[in-house]
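Residue numbers (our numbering), protein chains in the order written: chain W, 1 to 1029; chain G, 10001 to 10403.
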C-alpha cells in the first residue's frame, strides 16, 4: 500500500508557520525571555569557546544554561544579525513543535487522521501560543519538541530491540538536553516512564487477545522481558544527559543555587491572585478544561494508564500554591526553585493527542453519531461552533495579552544609549538600567560596556543580589523593600562596583538617585535620563574570572552542534522516507495498536455535559464577582478604591468621573488642582494598600476613614484621611477636598544665582584626557567627626564644609576598626548629608553601616514593604576606631539652596514648622537634616525627614517632625586623627586654608529643645528638584 | 621575552665559539681603536674604526642604559668598521663597548643631546590657588630635543608669568631632567598667565586662577515692601559685599546663612549665595507681630552685625460667626493694615476639644478674607464641644458649643 501524504499535517505546518511566523515579529521581542536568549547568543557569536561573560553581575559563566539554542542564534547572527538568528530559530521551533506533536500523537493514537488533527490543534493551542508569544521560552519549546520526536524512537527500541532505534532515540535525547536541561530530566519522569509502561502494555497485549485480559502477572512478565532494553536505554540516556552538558553540571555543583527564592506567579494561590491564575492556569489549559473528563477517562484506560498517572501529577503540580500538594510533592526547596508553569505546559501538550482524538471523534467519528443520534444534528453543529469558537477565542485572547497588558515597557531605542557608552570612554565604567524590563538584555547585547545588573538570576554572584528575592535591580520597585533596599546599596556604594552611569526610564527612581548622591547628566534623544555619580574609579583592565579547564570549554563549544549533526545523520534517512514517501516502509510497531472508535461512552458524554455546565457556572460566577469588584460606583468602598486607584495610575479623567457632580467642579479646574500638587506623595508614590472604614450616616451619605500605604523610592508613607462619599442617582461619588488657596505676593520676580559649567579644555580627539583638563578636586574640611553608638547601631556622624570657591559634590566613606586595627565594615553616607555643597557651605552627615539585609537566609523577610528599612551590619567585634575618607569633585548641578525655615514650634515630642521656598524652582521633595547636640553643643546624632508634599515657588509647606525617642547614645571615638580629604590629612588642610577658624561659630544659633538626651538641634535644608526649569 | 632569550643564547653561543676560536689565533694580534672621538650628538652616525691586521672579524658588544647589542664589523682597507645602531645613538648617555674575543679592547663614548629644544613637556598645578602670598602653583618644565632626550643639566629655562599688570621673567635651570618654579600668589585675585622658554623655544600659554581667600566680617541689610505681618509679602535680606582680608570680592556662590531669632527665641533660618560679593536671602513675612533678630554667618570664617526688625500686627481682631446649628463656623472678615481684605492663603487653625481632650486640628487658608469650617455630623456627633480658633497670634475659645 502506498502511503498518501498526511494533508492535516501539511495544513498544520503551513498554517502554523504562516500564523506564528508572521506574529513573532510583533510579539517575540516583548516577551520575557527572548532577549535574554539573544544576549547569550551574542556572547557565543563573539567568544564561542570562552564561557566567561563579564557583561552581567560583575561576571558570570554561560555554562549555567544549556547552549544549543544560543549557539544556533549566534551562528545565524553571523549571517544576518542577532535578530535574524532569533527569528530563524523561532521559526524552526514552530516547525519542530508541530511535527513533534504529530509524531507523539501518532504514537499514542496509531491513527494518522487523529495525529493530523492534533497537529492542527497544536498550532493554536493556547499553552504553545503563551509559551512562544508571551514567555518567549525558545529552549523550552525546542526541548519538548525534540523530546516528542524522540518518543516514537524510544518506543520502537523498547518494542523491537533494534539498535538503530536506540541510537536515534539517544541522539534526539542529546539534542534535547543541549537545548534545555530541565526538559529531559522531567521528561524522563513524565513522558518516558509512562511510555515505557505503554510499551509493556503493548507487549503484554500481544500475548493475550484483548486489553482486558492483561493481568498484573502478564504485565510483570513482559516487564521483565523488556527490562534489559529499559535499563540499557535508561543508563545510556543518563550518560547522555550528564555527558552532553557536563560543564553545566560541574558549574551547578561548584556554584550551587544558594539564593533566596524569587517569587514566581506560578507558585501563587491562583484563587487568591487571579492574574496568576489566568496566566498560569486558565490560558495554558484553555478549551482543554472543558475536555478534562474526556482526557482523564481516556488516559486512565488500561493502555494509557501510566500516561494517566503522569497527566494527573502534572495537572496537580501545575496548580502551584492553590493546593498544598505541589509543595508536599516537590519539597520546599524544589518548590521554590522551579517555575511550576512548565508542568501545566507539559500536561497541556500531553493532552494534545487525545484532544486530536476527541476532535476526530466529534467531527467524523462515533461521538458525532452519538450526539446526532441523541440530540440531533443542529445541536451537534451548535456545540461544534461553541467549542471551536472557545478554542479560537483562547488563542486570540492569549495572543492579545501581550498587546493589552504589555509585560514590558515601551520599546526603547537603544542606539542613543549605545552611542553614549561608546563616547568619551563611558564604557570604562559599569552601568545600570532602571525601568527597561527585559530590554536591558538587548542593550547588553549591543554594547561592550558592563552592567552590575543582569537578567539571568540563576547566575547572580554578588551576595547583595543573591540574598534578595529579586530578579533584577532594574525592576526593583516591584520587589518591595528587598528590591529598593538592594538598589540603594548599589547606589550608595557604587565605587565598589565601578558603577558610574544609570540609564533611567522610570521617573520613580529619581528621588532615591538624587538623595544617594547621583546627578542628572542629560536626557538622551530617546527620552532616557542619564544619571552619573562622581568619584567612581573605572573598571580595572584585568577583571577576575572563574577559569574552567580547557577540555570543558571545548566540550561546551563542540558537543551541542555535534549532537545536532549526529541526530540529523541518524534520523535524516527515516525522515526522508517518511516525509517524501520515496519507498514503502514497514509500518512502525506502534501503528499496530489501533483504537476502535465505534461507540462513544454514554456516561462519558453525560459527565462531560455536567462538567461543562459546572464549568460554565464557575465562569459566570467569576465574571459576576469581577463585575462587582469593578463596578466603581456600586458601593462607597468601591468608589473610594477606584478613586485612589485612578490617582495611583494617574488616570485623572477616571478620578474626576468619581467626584461629586453637584459641586460643579470643571474637569479643567480639577486637572489644574492636580497639576499644582507635586511632591514625594503625589509624583513618586505607588499605592500599596488601602483600607476604608465606613461610618455610615445615612443611605445617601457616608464618611469613610481611608488609610492608605504608599510606597515611594525613599520610604513608606502611611496616610489617613476622612472622605465623604455621597449617593446621587444610585451611584456613589466622592466629595472634593478644598485646595490650599495661598496666593504668593509677586506676579513675576527675579532671582540671581550662580551657574556653573565644566567644559574642560579638551580638544576634539579620542586621546585620553590630558592633565590640563582635570579640575582640581575641591578642598573640603571635616569640622567634626565621631563614631557613636545609638542603641545597637554604630554610625559616624559629623560636619563637613566646602572650603573651595566652587561647588563640590561630596562622597564620604567611613571605615570601622577594632582595637587590633582589624577592618570591620565600610560604607558611604547615603541620604543623611547634602551631597552638593556651595562654596563655604556646611552639611551635617551620618554614615550608617548597612549590612546586606537578610544575609542569613533564615532571617524572615518582612512581608510589609519599607524602602527605608535599615539592616545594621552585625559586628563580630567591637568597633573602636574609624577612618573617614572624604572626596570632593566639582559639581555643577542640583545646587538649589532657596528653601528656608520660616516658622518653627517646639513641643516635647515633635517639631512643627513651615518651610518656605523663595526661589524660582518648585521643590519636589524637601528634606530636613536635623542634627542633635548635647548641653555642651557637641554633635550627638543626625536624623532627617522627607517632607511628603512639594513646595511651589514663594509658598510655604507645613511639616511635622517627630523627635527622636529617648535612646542610649554613646560617643565611642571622637578622634579626628584618621580623617582624610581627597587623600590628604584633614588637619593639614584646615591649618592651611582656615588657620584662624572660629570654633563652634554658629553654636549660639542652635535651637533649644526639651529632650532627655539632647539639648539643642540644628535644622538644615536640602531640596530635590524633580523638573528643573 | 622569547626573542630576548634566543638572542642571549645566540650571543652566548657566539661568545663561546669566538672565544675558543679566538684563543687559537689571538696570540700576537692586537686590535686597537682608531676613532678618537668620544663625544657625539644624538642622532648622528657613530662609526667606530679599529685597526686590524687580520681577516678576523670579531663582534662588538655595546650597551647603554636602554639595552645591549652585538655588532658585526665591515672589513675595509683601513680596518674594521662598526656602525652603532640608531636605537643606541638616538639616546643620550654613556655607551660602553667591548670587542668579543679581545677582552682587553674595551672603551666607552658619550652621546649628548641635541642643542635644539623641540618640545617642552610642561605640567602646572594646582590650576587654582588662593590669594594671600602663601599658596603657590608649581610649574614643571622638561625641555627635550627632537629625539626626546632631555637637555643637559643646568640648561637655562626662562619662566614668564603675568599677573594683572605685572609681568615677570625668571631663570631656572634644569636639574635632573626637570626645571621647576613655584609661583606664589599675590594678595589680589585674578588670572595668572604662565609660559616658559628654553633655547629659544617657547611653550604654550598656561593659566592659573588666583581665587579670593576666605571672607571677612560683613554687614547685613533688609528690604521689605511693608512692615506688616501679613504672612504674604517677602522680606529680602542682603549682605554687604563680602571681601577677603585683601579686599577681593569673594567668589560667586559663597554660601551665607542667616539665622533669625524670633520673639519666642526660636531660630528660623534662610540662606543665600553671593553674586558679585552680595548674598541675598528671602523670608516670608510672619503672620503675627514679630521682632526678628538677624545675624548672618559664613560658618567658621566670618559673620555680620546683628540687626533687628519688627513686624506689626495687621489683624487686630477676628470675628467668628456660627451658623447652621453651630456646624458652620465662619471666620472673618480678616482685614489687613488698610482695612483691605487679607491676601488669600492666610492660615486659620480650628481646634475642637471634647472636654479637655483635643479631638482634631484643622488648618485652612483664607479666601477673600474669610475662612469657613464645616463640622461634619459624621465626625462630631451631637454634644457639647469646646472650639478654639487661632489665627495671627490671636486665640479665641468658645466653650460649651452645642452641636
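C-beta atoms are modelled at their ideal positions from N, C-alpha and C, and glycine is treated no differently. Quick caveat, the model's predicted, so the values are computed rather than measured.
If I measure Cβ to Cβ from residue 370/W and keep anything under 8 Å in the same chain, skipping five residues before and after, which residues do I get?
Hits under 8 Å: 599, 600, 602 and 605.
Quick one: is residue 981/W near chain G, going by C-beta distance under 9 Å?
no
Give the residues from the region 10346-10378 of chain G that approach chain W closer than 8 Å (Cβ to any Cβ), ordered along the chain.
10363, 10364, 10365, 10366, 10367, 10376, 10377 and 10378
To the nearest angstrom, report how far apart residue 657/W and residue 678/W are at their CA atoms.
22 Å
Please report the Cβ distance between residue 893/W and residue 519/W, rounded to the nearest whole angstrom; I am assuming they are in contact, meaning their Cβ atoms lie under 8 Å.
5 Å
Would you tell me roughly how many angstroms separate the C-alpha atoms of residue 333/W and residue 479/W, rounded to the nearest one?
In a straight line, the C-alpha of residue 333/W is about 21 Å away from that of residue 479/W.
Taking contact to mean 3 or more Cβ pairs, one atom from each stretch, closer than 8 Å, check whether the region 10226-10235 of chain G and the region 10191-10205 of chain G are in contact.
no
Are the region 12-23 of chain W and the region 42-60 of chain W touching by the rule of at least three beta carbon pairs closer than 8 Å?
no
I want to see whether chain W comes within less than 9 Å of residue 10301/G, judged by CB atoms only; does it?
With respect to chain W, the C-beta atom of residue 10301/G has a partner C-beta closer than 9 Å.
Pull up the CB-CB distance for residue 834/W and residue 1020/W, whole angstroms please, since I reckon it's below 8 Å.
The Cβ separation is near 7 Å, so the contact holds.
Reduced DSSP secondary structure (H/G/I, E/B, other) of residue 10146/G
coil
Pull up the distance between the alpha-carbon of residue 10052/G and that of residue 10034/G, whole angstroms please.
Taken atom to atom, the span from the alpha-carbon of residue 10052/G to that of residue 10034/G is near 10 Å.
Find out if the Cβ-Cβ distance for the pair residue 10132/G, residue 10187/G is shorter than 9 Å.
The beta carbons of residue 10132/G and residue 10187/G sit closer together than 9 Å.
Ordered along the chain, which non-local residues of its own chain (more than five positions away) have a Cβ less than 7 Å from that of residue 71/W?
Residues of the same chain with a CB within less than 7 Å of the CB of residue 71/W, apart from the 5 flanking positions on each side, are 44, 560 and 561 in chain order.
Near-chain G residues of the region 787-808 of chain W (beta-carbon distance less than 7 Å), N- to C-terminal order:
801, 805 and 807
Residues in the region 10281-10292 of chain G with C-beta within 8 Å of chain W's C-beta atoms, listed in sequence order?
10281, 10282, 10283, 10284 and 10286
Spatial neighbours of residue 10288/G within its chain, please: C-beta separation below 7 Å, excluding the five flanking residues on both sides.
10229, 10313, 10392 and 10393
Shortest alpha-carbon distance to residue 59/W belongs to which of 588/W, 731/W, 649/W and 546/W?
546/W
Opposing strand residues paired with residue 10175/G [DSSP bridges]:
10178/G
For the region 10249-10312 of chain G, list the beta strand (DSSP E) runs that are entirely contained and at least 3 residues long, ordered along the chain.
Listed in chain order, the beta strand (DSSP E) elements of length 3 or more contained wholly in the region 10249-10312 of chain G are 10255-10261, 10267-10275, 10278-10284 and 10290-10298.
Inter-residue CB distance, residue 10220/G and residue 10296/G (contact presumed, cutoff 8 Å):
5 Å
Count the other CB atoms, across all protein chains shown, that sit within 10 Å of the CB of residue 864/W; report buried if there are 16 or more and exposed otherwise.
Here the model assigns residue 864/W a pLDDT of 41, short of 50, so the residue's position is not dependable, and the following value carries that caveat. Counting Cβ neighbours within 10 Å, residue 864/W comes out exposed, since fewer than 16 surround it.
Count the CB pairs spanning the region 160-179 of chain W and the region 123-132 of chain W that are closer than 8 Å, and state whether there are at least three.
no
What does residue 10269/G touch in chain W if you count any residue whose Cβ is under 7 Å from its own?
900, 901 and 1019
Interface flag, residue 838/W vs chain G, CB-CB below 9 Å
yes
Less than 9 Å between the C-beta atoms of residue 805/W and residue 10250/G, yes or no?
yes
Return the CA-CA distance between residue 929/W and residue 912/W, expressed in angstroms with no decimal places.
14 Å
Can you check the region 485-556 of chain W for any alpha helix (DSSP H) of at least 4 residues that lies completely inside it and give the ranges in chain order?
510-515
Name the DSSP beta bridge partners of residue 10161/G, please?
DSSP lists 10168/G and 10194/G as the bridge partner or partners of residue 10161/G.
Of all the alpha helix (DSSP H) runs that stay within the bounds of the region 630-716 of chain W, which reach a length of 4 or more residues?
636-648, 652-656, 667-675 and 680-683
Could you work out which residues of chain W lie near residue 10275/G, taking near to mean beta carbons separated by less than 9 Å?
752, 753 and 754
Should residue 10037/G go down as buried or exposed, given a rule of 16 or more other Cβ atoms within 10 Å for buried?
Exposed, since its Cβ has fewer than 16 Cβ neighbours within 10 Å.
Under three-state DSSP, which class holds residue 789/W?
strand
How would you call residue 145/W, buried or exposed, if buried means at least 16 neighbouring beta carbons within 10 angstroms?
buried
Which full runs of the beta strand (DSSP E) of 3+ residues lie inside the region 911-956 of chain W, going along the chain?
925-933 and 939-946
According to DSSP, is residue 302/W part of a helix, a strand, or is it coil?
helix
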